[in-house]
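The structure under discussion appears below in the form of structure tokens.
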Amino acid sequence: SARIDPVNPLLTLHINRNSIVQNTIDQLDKYKEEDFKKPLQVYFINEEGLDAGGVKKEFFLLLTKEILDPKYGMFTYYEETHTIWFSEYGLEEDHM
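In my numbering, the protein residues as written are 1 to 96.
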């Protein structure tokens with residue numbers, strides 16, 4: 001079974017709404033692989049609110065909305081099928 005660090009039993013993110021994608025990537029990059037098994041706790045910087053699930057839900061909604069934004073070039077929307085799929089340009093630096 002997975003061991004949870006008793007000193008820090010949660011994977012905690014302190015997120016700035018104005019840079020949610022980059023802020024999330026930067027913070028997740030600092031965690032170890034085993035930390036990703038811990039329950040997630042999210043705080044928005046300069047906002048009060050206990051994460052009883054609502055803050056986390058809002059975080060995922062905002063993060064998903066941003067990631068799907070065409071400015072990131074990660075996904076392409078196909079009008080004819082009304083589907084979204086990974087962009088062929090998503091990992092190329094010059095596209096972003």
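Every residue gets a Cβ at the ideal spot worked out from N, C-alpha and C, and that includes glycine. Please read all numbers here as calculations on a predicted model, not as lab measurements.
key: Local Cβ density within 10 Å of T81, reported as buried at 16 or more and exposed below that   = Counting C-beta atoms within 10 angstroms of its own C-beta, T81 has fewer than 16 neighbours from the protein chains shown and is therefore classed as exposed.
Exposure label - T83; buried when at least 16 CB within 10 Å = Its Cβ having fewer than 16 others within 10 Å, T83 is exposed.
key: Beta-ladder partner(s) of I15, from DSSP   = Under DSSP, I15 forms a beta bridge with F44.
ask   = Which of helix, strand or coil does DSSP assign to T81?
value = In the three-state reduction of the DSSP assignment, T81 falls in the coil class.
task = Inspect the beta-carbon positions of V21 and I67 and report whether they are closer than 9 Å.
result = In contact: V21 and I67 (Cβ atoms closer than 9 Å).
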